[in-house]
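In the working numbering, the protein residues as written are 63 to 229. C-beta atoms are modelled at their ideal positions from N, C-alpha and C, and glycine is treated no differently.
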């Protein structure tokens, strides 16, 4: 097992989406209570639809809070990351494949107005907006790996990049 120079684990914490799902659960609950207690369950199809919607939104909320996770590690072999449950295995970028690496930090206001949208062929892995490291490989692939500590991630990568030339 390779020694880890940098290690980070992030959970999905987008407040707007989580609050939106909670509001949806509240509205569905209100409709369900109204149908059952005020209308006396006269429209059973409405009750069943409400229960189904409540289950779907509840599972989506649970899934985002508990299951979405981005793990990033910088080791002597390269950069490893896994966005669970979307990836079955860790993705690896070996040091020999890396052409360039740059830090990207975007303020929250800039992230909200859409000026940071890029239509490049970039593989984007982030729960922290456009804050992280952009890695370009020699074969033309482009990766953006988000981090809540982007400076530390960049320093760890820079620390390991010179060693690959000597090793």
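- Two segments are said to touch when three or more pairs of C-beta atoms, one from each, lie closer than 8 Å; by this definition the stretch 142-151 touches the stretch 114-132.
- DSSP links residue 145 through a beta bridge to 132.
- The three-state secondary structure of residue 103, taken from DSSP, is coil.
- The beta-bridge partner set that DSSP reports for residue 206 consists of 186 and 196.
- When rounded, the separation of the alpha-carbon atoms in residue 125 and residue 111 is 21 Å.
- Residue 74 sits in coil when the DSSP states are folded into three classes, being neither helix nor strand.
- Following the DSSP letters along the chain, one finds residue 167 in no beta strand (DSSP E), marked with neither H nor E.
- Counting only residues of its own chain and dropping the five nearest sequence neighbours on each side, residue 97 has a CB closer than 7 Å to the CB of 103, 105, 108, 109 and 112.
- Bounds of the beta strand (DSSP E) holding residue 154 are 153-156.
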